[in-house]
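Heads up, our numbering is the position in the sequence shown plus 52, with the first residue counted as 1. Take a look at the structure set out below.
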Amino acid sequence: MGIYIKIQIIYIKQRHIKMNLKILSISFLLLLFSITVTSEENITQISGLESGIIQIDSVNMTIDQSGLVSVSEELIVQRGDRIAILIPVNVQGLIVSDSKGNEISYESTQKDDKQLITFFLEKSNEKMGERVIIRYNTQQLTAKSGDIWNIEFSTTATPRHTIIKIEFPSDTRIISMEPRDLYWTPVSDSELWVYPQIKDFHFGFDYKIGVPGPIIPRSTTTTTTTTLPAQVFDMDKSIIGLAIILIFIIIALLFIFQRKKSKKEEIVGEKIKGEPKKEGSTRIKTSIINMLDENEKKIVKMLEESEGEITQAYIYKSTGIPKSSLSDTMRRLEKRNIIERKKEGRTNWIRLKDWVFE
């Protein structure tokens, strides 16, 4: 009888420990959720105020020595709808025009630190979408402290499609950037292309003028994800990261507890310890692979394995990607400066750009 009671007490204690661990895990999950929600509330949700936009193709920004930024945004909008887009408050020379250069009348309303530009395009039987270009100049995006300049910009983006092209003054050196996992490509010693991965996109650069050489130090150009030191430490992100680590620790403890209860012994470490390196491991930068969709990955992998040029027809036959989808995918890769296409007669030759390799 005494042994039976002792066993029961041990069993109850084990169940109590297990329940406490589960409660602790759920508590941290709730904490992480609340932190994430709070962080998101602190960021202006641009897309919630905008309407009628099908996609944003590009944002071209040219910064001069005085900090004046000339901006040109190209977007496809829905005909027959009210189109609304946010831009900075203090701008000069604002022009909204269609693809033929015809100016479009608009209205402007201030929304906090932005102004909401609204306009309307009549429905057309010929096409649903219309390319619109918004141009303006502003000094609201830049600031200077000592000899360090800063530019910050928020925009709605079409993830994995929009390209933000930034041309800095000559002899500019980037000192830091936010977010730290920004996808970027140095196009020249003064130009940088940025690839938004989320819809409500924000970035910031600290830079210094009068420093000859590449815009990004050569030690950091081996990847499109910056490793430059950030001057401002993001407390919200650090708290989220800490919460995630704690959750993983708790999950690991739960797993260990369950395994201790089990009388089965499993041998699980052998494959991990002696796992050989897979053949054909990629030489393409990991950050580039991560930003590609499935069709894009197939094409890039095939080009990498070819170690040279191959024809578009061969890619079509080998991958089985439909011709229309293949053409669109090729255009996206070419637009991102990942591939180069060369036409010889009726044959399209495709090769990878040199900068994509590690």
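Note that the Cβ used here is the ideal one computed from N, Cα and C, for glycine as well. On a predicted model such as this, the values are computed, not experimentally measured, just so you know.
Query	Result
Of the residues S151, P211, L234, I336, the one placed nearest S124, counting alpha carbons only	S151
Three-state secondary structure (DSSP) of F220	coil
Between the CA atoms of E102 and G198 - distance to the nearest angstrom	36 Å
Length of the line joining the Cα atoms of I250 and T381	19 Å
Local Cβ density within 10 Å of P211, reported as buried at 16 or more and exposed below that	exposed
Supposed contact pair L344 and I391 - C-beta distance, whole angstroms, cut 8 Å	That belief does not hold up - the Cβ atoms of I391 and L344 are roughly 11 Å apart, past 8 Å.
Identity of the residue in V184, N154, A136 nearest T161 by Cα	A136
DSSP beta-bridge partners of I205	The sequence as given places Phe at residue 205; Ile does not occur at that position. In the DSSP output, where bridge partners are listed per residue, F205 has F255.
Contiguous beta strand (DSSP E) assignments of at least 3 residues, all confined to the region 361 to 399	391 to 396
Endpoints, the alpha helix (DSSP H) within which I351 is located	346 to 358
Three-state class that DSSP yields for S339 in the structure shown	helix
With 16 other Cβ atoms within 10 Å as the buried cut-off, status of K315	With a pLDDT of only 47 at K315, under 50, the local geometry of the prediction cannot be trusted, and the value read off the model is given with reservation. With fewer than 16 other Cβ atoms within 10 Å, it is exposed.
Option nearest I351 by Cα separation, candidates R335, D223, S370	S370
Straight-line Cα distance separating I108 from T190	20 Å
Cβ-Cβ distance between I128 and I106 below 7 Å	yes
Beta-carbon gap between I216 and Y259 smaller than 7 Å	no
Run of the beta strand (DSSP E) containing L138, from where it starts to where it stops	134 to 140
Nonlocal neighbours in the same chain, by C-beta distance under 6 Å from R383, ignoring five residues either side	none
N-terminal and C-terminal residue of the beta strand (DSSP E) that T170 is part of	166 to 172
8 Å CB neighbourhood of H213 in its chain, flanking five on each side removed	Q107, I108, D109, R384
Coil, strand or helix - G181 by DSSP	strand
C-beta contact flag for E243 and E219 at 7 Å	yes
Rounded distance between the beta-carbons of G119 and I201, thought under 8 Å	Here residue 201 turns out to be Trp, not Ile, going by the sequence shown. About 6 Å separates the two Cβ atoms, so the contact holds.
Residue closest to I362, alpha-carbon to alpha-carbon, out of N342, E396, N347	E396
S157, buried or exposed, once every other Cβ within 10 Å from all chains shown has been counted against 16	exposed
Close beta carbons around M180, own chain, < 7 Å, minus the five adjacent residues each side	Q130, R131
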